[in-house]
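Student: Structure below; questions to follow.
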Amino acid sequence: MKILETRKITKSFGALTAVNGVSLAIEAGSLHSIIGPNGAGKTTLFNLLTGTFPPTSGSIIFDQKEITGTPANRIAHLGLARSYQRTTVFPAFSLFDNAWVAAFATGKSWNGLMWKPSGGFPEASERARQALHDVGLEGKSTQLAREISHGEQRQLELAIALAAAPRVLLLDEPAAGLSPDETRKMVALVRALKGRYTIVLIEHKMDIIMSVSDRISVMHFGSLIAEGTPGEIQKNPEVRRAYLGGVAA
Ligand SMILES: Nc1ncnc2c1ncn2[C@@H]1O[C@H](COP(=O)(O)OP(=O)(O)OP(=O)(O)O)[C@@H](O)[C@H]1O
Ligand SMILES: [Mg+2]
Numbered sequence: 000m001k002i003l004e005t006r007k008i009t010k011s012f013g014a015l016t017a018v019n020g021v022s023l024a025i026e027a028g029s030l031h032s033i034i035g036p037n038g039a040g041k042t043t044l045f046n047l048l049t050g051t052f053p054p055t056s057g058s059i060i061f062d063q064k065e066i067t068g069t070p071a072n073r074i075a076h077l078g079l080a081r082s083y084q085r086t087t088v089f090p091a092f093s094l095f096d097n098a099w100v101a102a103f104a105t106g107k108s109w110n111g112l113m114w115k116p117s118g119g120f121p122e123a124s125e126r127a128r129q130a131l132h133d134v135g136l137e138g139k140s141t142q143l144a145r146e147i148s149h150g151e152q153r154q155l156e157l158a159i160a161l162a163a164a165p166r167v168l169l170l171d172e173p174a175a176g177l178s179p180d181e182t183r184k185m186v187a188l189v190r191a192l193k194g195r196y197t198i199v200l201i202e203h204k205m206d207i208i209m210s211v212s213d214r215i216s217v218m219h220f221g222s223l224i225a226e227g228t229p230g231e232i233q234k235n236p237e238v239r240r241a242y243l244g245g246v247a248a
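In terms of numbering that gives the first Met the number 0, the sequence shown opens at residue 0 and continues consecutively.
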């Protein structure tokens, strides 16, 4: 079953077409990676999927329903959660509070603007606790986000996405800027989440992509130039050209 689909989706910024007629279908339960050189339009595609801005044309279908033009906060409630290419945590909040805010914001316990101490929302608290557990940070939940390492901040970001109880998890370069050791940890985490969530992964590190993906879509100058299994993509001459600047490998 397809859980997420784009049909000929296009996004132009003035004269620049960042995403150009992309039709993509994500199978429920799969790990589907999006790769492509810098500026290919990968992050812009995520911004379209999450409703950060509407597409110039084309449509987005999530769980059989058209969601094109739906604002970002509504899309988060429908179950599309993302992590960002750059770290986006609240540095002065504890890890728990960072995860709790995400759980609360997308939870059913939202009750107008009435504010209560976080202890008053057991469902959000439990989701926050579980999300920190899933990324291996439950032992540090009372620490402030600014006190943990860069690698742990990326793990926290993942926890923030998980706390929103997503059905599809969009990960934009979760291993960006990580040391080899931290990268291994992150890859293990993504592997552990595979199967529990439908995951769409943007990543530059090819060894990661080739080892975790069920399917790979390749973007180049805003367009989709190939789609297939890791084995098919590795052999694809057009993909090799896109990456090697015209030198066929
Ligand atoms: N909000 C925006 N306004 C104007 N141009 C934008 C905007 N967002 C992205 N672009 C442009 O769209 C193109 C695609 O950018 P995008 O960030 O989607 O690429 P990417 O594939 O994620 O690249 P990278 O691998 O470097 O993260 C780039 O030329 C970028 O400068
Ligand atoms: Mg990007």
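Glycine included, C-beta positions come from ideal geometry on N, C-alpha and C.
Which whole-angstrom value is the C-beta distance of Ser82 and Pro173, which I expect to be below 8 Å?
Tutor: Yes, Ser82 and Pro173 are in contact; Cβ-Cβ is about 6 Å, under 8 Å.
Student: Where do the ends of the alpha helix (DSSP H) carrying Arg183 lie?
Tutor: First-last of the alpha helix (DSSP H) with Arg183: 179-192.
Student: Report the option in Pro236, Lys10, Arg128, Thr87 whose CA atom is closest to the CA atom of Phe103.
Tutor: Nearest of Pro236, Lys10, Arg128, Thr87 to Phe103, Cα basis: Arg128.
Student: Where in the stretch 10-52 do unbroken runs of the beta strand (DSSP E), each at least 3 residues long, occur, reported from the N-terminal end onward?
Tutor: You should have 15-26, 30-34.
Student: For Lys204, name the three-state secondary structure that DSSP assigns.
Tutor: Coil.
Student: Suppose the cutoff is 7 Å on Cβ atoms and the five residues either side in sequence are ignored; what does the same chain contact list for Leu112 look like?
Tutor: Below a pLDDT of 50, predicted positions are generally treated as unreliable, and Leu112, at 46, falls in that range; the measurement from the model is reported next regardless. No residues qualify anywhere along the chain.
Student: Short check: CB of Ile59 to CB of Ile8, under 8 Å?
Tutor: A contact, by the Cβ cut-off of 8 Å.
Student: Judging by CA-CA distance, which residue of His132, Thr105, Lys139 is the nearest neighbour of Ala123?
Tutor: It is Thr105 whose Cα lies nearest to the Cα of Ala123.
Student: Determine the DSSP secondary structure at Glu4, reduced to helix, strand or coil.
Tutor: It is a strand residue.
Student: CB of Thr49 to nearest heavy atom of ligand 2: below 7 Å?
Tutor: No, the beta carbon of Thr49 sits no closer than 7 Å to any heavy atom of ligand 2.
Student: Taking the alpha carbon of Ala71 as the reference point, which residue from Ala91, Leu47, Thr87 has its own alpha carbon closest?
Tutor: Out of Ala91, Leu47, Thr87, Leu47 has the C-alpha closest to the C-alpha of Ala71.
Student: Beta-carbon within less than 6 Å of Tyr242's beta-carbon, same chain only, minus the 5 sequence neighbours each way: which residues are those?
Tutor: Result list for Tyr242: empty, nothing under 6 Å.
Student: Please classify Arg239: does DSSP put it in a helix, a strand, or coil?
Tutor: Of the three classes helix, strand and coil, the one that applies to Arg239 here is helix, per DSSP.
Student: Can Val189 and Gly35 be called in contact, C-beta distance under 8 Å?
Tutor: Not in contact: Val189 and Gly35 (Cβ atoms no closer than 8 Å).
Student: For Ala158 and Met205, what's the separation of their Cα atoms in angstroms?
Tutor: If you take the alpha carbons of Ala158 and Met205, they lie about 24 Å apart.
Student: Figure out for me which residue from Gly57, Leu143, His76, Thr55 has the closest Cα to the Cα of Leu95.
Tutor: The sequence shown places Phe at residue 95, not Leu. For Phe95, the nearest C-alpha among the options comes from Leu143.
Student: Taking 6 Å as the limit between beta carbons, can you name the residues of its chain near Gln154, skipping five residues before and five after?
Tutor: Correct list, in chain order: Val134, Leu136.
Student: What's the C-alpha gap between Val18 and Thr87?
Tutor: Using only the alpha carbons, I get a separation of about 24 Å.
Student: Could you check what DSSP says for Thr105 in three-state terms: helix, strand or coil?
Tutor: Thr105: helix per DSSP, three-state reduction.
Student: CB Thr5 to CB Ser22, shorter than 8 Å?
Tutor: Taking 8 Å as the Cβ cut-off, Thr5 and Ser22 qualify as a contacting pair.
Student: Return the CA-CA distance between Thr231 and Lys139, expressed in angstroms with no decimal places.
Tutor: Per the sequence shown, the amino acid found at residue 231 is Glu instead of Thr. Their backbone Cα atoms lie some 42 Å apart in a straight line.
Student: Return the first residue and the last residue of the alpha helix (DSSP H) that Gly176 is part of.
Tutor: Where Gly176 is concerned, there is no enclosing alpha helix (DSSP H), given that its DSSP letter is neither H nor E.
Student: Under the assumption that Val167 contacts Leu30 (Cβ atoms under 8 Å), give the Cβ distance between them as a whole number of angstroms.
Tutor: Rounded, the Cβ-Cβ distance is 11 Å, inconsistent with contact.
Student: Excluding the five sequence neighbours on either side, which residues of its own chain have a C-beta within less than 7 Å of the C-beta of Gly28, listed in chain order?
Tutor: Excluding positions up to five away in sequence, the list reads Gly194, Thr197.
Student: Below 7 Å, is the gap between the Cβ of Leu15 and the nearest heavy atom of ligand 1?
Tutor: At least one heavy atom of ligand 1 is nearer than 7 Å to the Cβ of Leu15, so yes.
Student: For Phe95, which of helix, strand or coil comes out of DSSP?
Tutor: Phe95 falls in the helix class under three-state DSSP.
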